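Have a look at the structure below before the remarks.
Numbering (the numbering used here), first residue to last: 95 to 185.
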């Protein structure tokens with residue numbers, strides 16, 4: 095991801111998909127995973143119920159996405175986690 099704004103936009107998109115899945119399966123727990131940036135390859139974010147198929151994705155925090163919060167509230171709640179992830183572009 096090139097900028098912090100890109101990171102926030104991507105997280106918001108992931109939360110929108112999460113909310114749909116969470117409403118369909120209210121007891122499931124979803125976690126935030128990240129792909130670390132490397133020279134020539136941007137990092138990434140995923141919200142998944144199970145660990146992603148690629149072992150390159152790492153768990154961002156042991157805390158699951160909060161089912162008792164809205165998308166906007168989760169954006170605020172996980173802000174500090176997003177800011178420490180090594181997912182910005184490496185030039």
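C-beta: ideal position from N, C-alpha, C; glycine also.
Bear in mind the structure is a predicted one, so any value in this text is a computation, not a measurement.
CA-to-CA distance, residue j to residue i, given in whole angstroms
| i | j | result |
| --- | --- | --- |
| residue 100 | residue 109 | 14 Å |
| residue 157 | residue 113 | 16 Å |
| residue 160 | residue 134 | 33 Å |
| residue 118 | residue 180 | 32 Å |
| residue 130 | residue 138 | 7 Å |
| residue 151 | residue 98 | 19 Å |
| residue 128 | residue 154 | 6 Å |
Simplified DSSP state of residue i, which is helix, strand or coil
| i | result |
| --- | --- |
| residue 143 | coil |
| residue 132 | strand |
| residue 96 | coil |
| residue 153 | strand |
Burial state of residue i, where buried means 16 or more other Cβ atoms lie within 10 Å
| i | result |
| --- | --- |
| residue 141 | buried |
| residue 103 | exposed |
| residue 145 | exposed |
| residue 176 | buried |
For residue j and residue i, believed in contact at Cβ under 8 Å, the rounded distance
| i | j | result |
| --- | --- | --- |
| residue 106 | residue 165 | 7 Å |
| residue 143 | residue 122 | 5 Å |
Proximity test, residue i beta-carbon vs the ligand ADP heavy atom, cut-off 6 Å
| i | result |
| --- | --- |
| residue 162 | For the structure depicted, the ligand ADP is absent and the ligand set is empty, with no information on it obtainable. |
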